[in-house]
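Chains as they are written, first to last, in the numbering used here: chain A, 9 to 221; chain B, 3 to 486.
From the three backbone atoms N, C-alpha and C, an ideal C-beta is built for every residue, glycine too.
Remember, it's a predicted structure, so these values are computed and weren't measured experimentally.
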Amino acid sequence: MTSPLPLDRSDVTSPEPQLVPEVPAQLPGWRLWLPLLMQTALIVAIPARDAYTYATGRTVVLQTAPVDPYELLRGYSQTLGYDISRLDRLRQLPGGEWFKQRSQGTIYVVLEAPTTAQTKPPQAWKPVRVSPTQPQDLSANQIALKGKFNGWQIQYGLETYYMPEDQRQQINADIQKIQQQRQQQSFVVETKVDSGGNAVPVSLWVRDRNYRF
Amino acid sequence: MASEKFRRQLRQEVEDWWSEGLIDAALYERLADRYQFRRLEQDASNRFIAILLGLGAILLGLGAITFVAANWQLLSRTAKVVILLACFVGVNAAGFYLWRRPLQTGWQRLGQGLLLLGALLLGANMALMSQLFHQSGEGYELFLIWGLGVALMAYSLRLVPLGILALILVIIGYCLGWTAWIGWDRASWQEFSGTRLLVQHLPLLLSLVFVPLAYWCRSRVVMGLSAAAVAISLVFNLRPLSIWNGAPLTAGWIGVIAFVLPPALLWSYRDHLWQYRPVSAVPASQPPSPLSQPLLQTLALWFLAILFYVFAFRGFWTGIELTRDPLAGWDWSPLIDAVILGGVAILGWLRIGNPFRWRQFQAQHISNGSIAIGLIVAAAFFLLGQQAGVIAVVAFNLLLFLLALGLIRDGLALGHRATFWGGMVLLVLGIISRMLEYDTGLLLKALVFVLCGIGIILAGLRFERSLRSRPLPSLPPSSSEEIS
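This is the structure:
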């Protein structure tokens, strides 16, 4: 009367016991199509919200933060920071004391459209206040952008960009030039923001050049 | 069916026997029928076609990818999405219908390969889709969702390779996510996303998704991998040790849960744990549990061996000073998994009943009783923590050497080579580690090495001789006691 051998007994029992009872030939078609449909839904779900935002959102222009000259658009993807990504910038706004109380969480940044008419590049929207909940009392020229505070900066899902090789070199040259001339305001990103505060990038402006994504 | 290589050799031999007059035509026919000599050539040609088709499919796929890459800028976003999805669906459908073809192993294998390729394409599509829309999703999220998507297909098709792939993907996702979670890669930790829960509750996820999958596919590989991943992720999620987070041994009970629960769970888990059965009314001939039983107990022994070995080092118990509150910044959510899996372990031990039976211990020293005692002793010292000091070091060394000796003894008694050598390696490793850890003279070191060497040679020779003197490797009869 013993318990079975604790260590591997594969020499006495078959390594993969009892073959799969069903012969694949008997499998009906839905056994492929149902999971395949669900997998496809998984793939399509990734851009679904972005597509919705893209279709229904309002165009908002965001001011970028200076790019580290050693970290210019290099390699496969690039991370961009924004004026409103910076903690010290948002702290100064009304509602900014929230950052003292919390170390992370979701916040909404209310942006206001520039008053001047269409320019090239377009003027960036100005952040006017910060709210821990989605603000309802916005005037017509304001919009709320949802961001995630991770402890030291605020992310909006607009940080990573994938650029083709040939465009990258030109953009790099342009960015370097404007940074040397300290004209950061001519490097902006055009985005679409939907009513829920979600944003997708639309295009990149470097001076009067427009690069669409 | 025997392997093709064997059948070819056999055909050659049988033809020789026939020509030499050893067997007659009737016997030759029967052998030819049994081993299907006539299908050998057809199989070979099928396989050749399958290889050609596979190569062709890979080249076609490469061509499509290169075409898309070449025209990436020219194609509209919609066109890219359509091409990607068409590739994905096409490969999966082709794989499924080839795999389903009856009685043609070559085609089936090709179909299986295409289904695997389809599973890889799922991940590629998800990554490209996210890239097309410039999303800043994280790698670990991709791997977790991808793995679960593949698991879906593995369930539906009952295909073991897909299940293994899914499990590996989820484990990769967990590893990447874990480093983000504990702060090595804090920037990529998505505190607000649902994937966070998948990382923090991986033991539950594995138990609910992949352990049933192992039963559904009758796959030991999936079972073993899942069980090992459950045990390891329990430890890593509870973070009982602070080498990972900057503080020494944390509050004792976390150590107990993290280090004692996994082996207790692995050792006591049975395939039929869930069948309701009054403990007293055990049928005399309980069917053996082929999937989990010996496999998970082996994993439990591995876990214990590593645990005892690591904590037999004196550095863990002495000389570390608590610099800050070990529970500061500690995440409580993995305790949910520990509680639920702890319930499973308790159920398992209740099913075992009284583990302390002398007869059982006589037959096999590494039995329910000795494992239970080992776990209780280890738990007690983890609770005491550093207060135990030197006593804990002695206790863990004792546990280590008793485990090694028990394995050696069981290996000898049952004629089981792996058990014997496992114990031998553990014993020698323990002796050498102790010798190097403590400041001993060179002469003593030399003596220990020599003694270990001689010991291994003698033990090995004796073991092999005793094994040879047995007529057949005899197995103990499966019993009802171990479950009662």
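- Around the beta-carbon of B:H274, fewer than 16 other beta-carbon atoms lie within 10 Å, marking it exposed.
- Within the same chain, Cβ atoms closer than 7 angstroms to the Cβ of B:F310 are found at F398, L401, L402, L405, the five residues on either side in sequence being excluded.
- Residues of chain B with a Cβ closer than 8 angstroms to the Cβ of A:E167 are, in chain order, S138.
- Beta-bridge partners assigned by DSSP to A:Q150: A:E120.
- The CB of A:D58 comes closer than 8 angstroms to the CB of F135, Q137 in chain B, given here in chain order.
- Considering only beta carbons, no part of the region 380-406 of chain B lies closer than 9 angstroms to chain A.
- Under the three-state reduction of DSSP, B:F39 is assigned to coil, being neither helix nor strand.
- Using a CB distance cut-off of 7 angstroms, A:M171 does not count as an interface residue toward chain B.
- Listed along the chain, the chain A residues whose CB falls inside 9 angstroms of the CB of B:L159 are P32, L35, R39, L40, P43.
- Contacts with chain A at 7 angstroms (Cβ-Cβ) include B:R102.
- When C-beta atoms of the region 129-142 of chain B are compared with those of the region 160-178 of chain B, three or more pairs fall below 8 angstroms, so the two segments count as touching.
- Using a Cβ-Cβ distance cut-off of 8 angstroms, the region 15-23 of chain B and the region 98-110 of chain A are not in contact, since fewer than three pairs of beta carbons, one from each stretch, lie closer than that value.
- Sequence-distant Cβ neighbours of A:Q86 in its own chain, meaning closer than 6 angstroms and more than five residues away, are Y169.
- Contact note: B:M131 reaches chain A through I51, I54, P55, using a C-beta cutoff of 7 angstroms and chain order.
- Residues of the same chain with a CB within less than 7 angstroms of the CB of B:P264, apart from the 5 flanking positions on each side, are A233, L236, V237, F305 in chain order.
- Residues of the region 179-212 of chain A with a C-beta atom less than 7 angstroms from some C-beta of chain B are V208, P209, listed in chain order.
- According to DSSP, A:L70 shares a beta bridge with A:V197.
- Closest in alpha carbon position to A:R66, among A:W213, A:Q191, A:G204, A:Q193, is A:G204.
- Between B:G113 and B:G97, the beta carbon gap of about 5 angstroms places them in contact (Cβ cut-off 8 angstroms).
- Bridge pairing for A:W213: A:V196, A:N218 [DSSP].
- Interface with chain B (7 angstroms Cβ-Cβ cutoff): A:Q86 is excluded.
- Beta-bridge partners assigned by DSSP to B:S270: none are found.
- Nearest to B:F318 by C-alpha distance, out of B:G391, B:I375, B:L76, is B:G391.
- Residue state for A:K128 is assigned as coil, using DSSP reduced to three classes.
- Taken in chain order, the members of the region 105-129 of chain A whose beta-carbon sits within less than 9 angstroms of a beta-carbon on chain B are Q112, G113, T114.
- When DSSP assignments are scanned along the region 83-151 of chain B, the uninterrupted stretches of alpha helix (DSSP H) that are 4 or more residues long and fall wholly within it turn out to be 107-134.
- Looking from the CA of A:A73, the closest CA among A:Q150, A:E167, A:D145 belongs to A:E167.
- With 16 or more other Cβ atoms from the protein chains shown falling within 10 Å of its own Cβ, B:M225 counts as buried.
- Taking 7 angstroms as the CB threshold, B:N127 lines the interface with chain A.
- For A:T168, the enclosing beta strand (DSSP E) has its first and last residue at 168-170.
- When secondary structure is reduced to three states using DSSP, B:R359 falls in the coil class, being assigned neither helix nor strand.
- Not a single C-beta of chain B is nearer than 7 angstroms to the C-beta of A:Q177.
- In the structure shown, B:Y440 falls within a coil segment according to DSSP collapsed to helix, strand and coil.
- Within the region 166-243 of chain B, the complete alpha helix (DSSP H) runs of at least 4 residues fall at 197-202, 204-207, 213-219, 222-240.
- For B:D441, the number of other beta carbons within 10 angstroms of its own is below 16, and it is reported as exposed.
- Runs of the beta strand (DSSP E) spanning 3 or more residues and lying entirely within the region 398-457 of chain B do not occur at all.
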